[in-house]
Amino acid sequence: MSAVILAVFNDYETAYHVRAVLVRDGFPTDRVELTAPCELGRVACQPAQTVHDKCVQYFRTLLRNEGEEHYPEMLAQRIDNGAATITVQPRGSIETVRATEILQDAHPSDVVAHDLAKLGWERAAAKHSGKPWQILRQPMERLPGLVVKLQSALRCFHFLVCVRREYPLV
722 MSAVILAVFN
732 DYETAYHVRA
742 VLVRDGFPTD
752 RVELTAPCEL
762 GRVACQPAQT
772 VHDKCVQYFR
782 TLLRNEGEEH
792 YPEMLAQRID
802 NGAATITVQP
812 RGSIETVRAT
822 EILQDAHPSD
832 VVAHDLAKLG
842 WERAAAKHSG
852 KPWQILRQPM
862 ERLPGLVVKL
872 QSALRCFHFL
882 VCVRREYPLV
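Everything in the sequence shown is counted per this note's numbering, starting at 722 for the first residue and increasing by one.
See the structure below:
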C-alpha cells in the first residue's frame, strides 16, 4: 500500500469542502476519498453486511501496519457517529506537504499518517498556493494535430487534447 494521510472531520460539510480544495489544488480524484454516513464512496464496495463492518474492512486495507490495528475500528465508530474522513494518497514530498497544509487548515479532529516514507516521484499538486503554473514536457511544435488548452483557473494544469478530425472528443 502506498502513503496515506487520513483526516477525520466532525461534519460532512467540512470534509466535502476539503475534498473540493484538494481536487482544485491538483490532486487526482482517484487519490482523494471522502467517507461519510451519507457518502460511503469505496466503503460501499466492501463485502461486509453492515456499514460499520464495511468501514472496518475499508480502513483495514489502508492502515495495516504494526501499531495501526486499532485505527480501522476507531474510524468506523467515528463514521457511525456522523463524522467524515478524507483520505489522500500523496505521491512525493511536495504533494505530502501540500495535502498536509490543506487538511490542517480545515482543523480536523484527528489525522492518521501511513507509510509517508513510501513516496513516489509523481506530482500533481502545486508547490504553493500562488498563481497557476504550467509544465509542458515537449515544445508545442512537437505536438502536430493536437490542441492543448490550459485551464488557467485551476492551480494545476489540465490538458484537453483533441486528436485529429477522425477522433474528435465528444
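By construction, the Cβ of each residue, glycine as well, lies at the ideal position given by its N, Cα and C atoms.
Item	Value
Mapping DSSP to helix, strand and coil, what is Glu816?	helix
Contact between the region 749-762 and the region 827-839 is defined here as three or more beta-carbon pairs at a separation below 8 Å; is this criterion met?	no
Taking all protein chains shown into account, do 16 or more other C-beta atoms lie within 10 angstroms of the C-beta of Val777, making it buried, or fewer, making it exposed?	buried
Give me, in chain order, the residues of the same chain whose beta-carbon lies closer than 7 Å to that of Arg740; leave out the 5 immediate sequence neighbours on both sides.	Val753, Leu755, Ile807
Here's a check: name, in chain order, each residue in its chain whose Cβ is nearer than 8 Å to the Cβ of Leu864, leaving out the five neighbours to either side.	Note that Leu864 has pLDDT 41, beneath the 50 cutoff, so the model's placement of it is unreliable and no number is given.
Could you check which residue in Pro793, Val725, Ser723, Thr735 has the C-alpha nearest to that of Ser830?	Thr735
Whole angstroms is fine: what's the gap from Ala765's alpha carbon to Val772's?	8 Å
On the three-state DSSP scale, how would you describe Leu727?	strand
Looking at the secondary structure, which residues open and close the beta strand (DSSP E) in which Ala741 lies?	Ala741 -> not in any beta strand (DSSP E); alpha helix (DSSP H) instead, spanning 733-746.
Checking the sheet assignment: what are the DSSP bridge partners for Leu784?	Looking at the DSSP assignment, Leu784 forms no beta bridge with any residue, so it has no partner.
Suppose contacts are defined by Cβ-Cβ distances below 8 Å. Is Ala724 in contact with Pro811 by that definition?	yes
Secondary structure at Ala805, three-state DSSP: helix, strand or coil?	strand
Where do the ends of the beta strand (DSSP E) carrying Ala757 lie?	From DSSP, Ala757 is part of no beta strand (DSSP E); its letter is neither H nor E.
Would you identify the three-state DSSP class for His828, choosing helix, strand or coil?	coil
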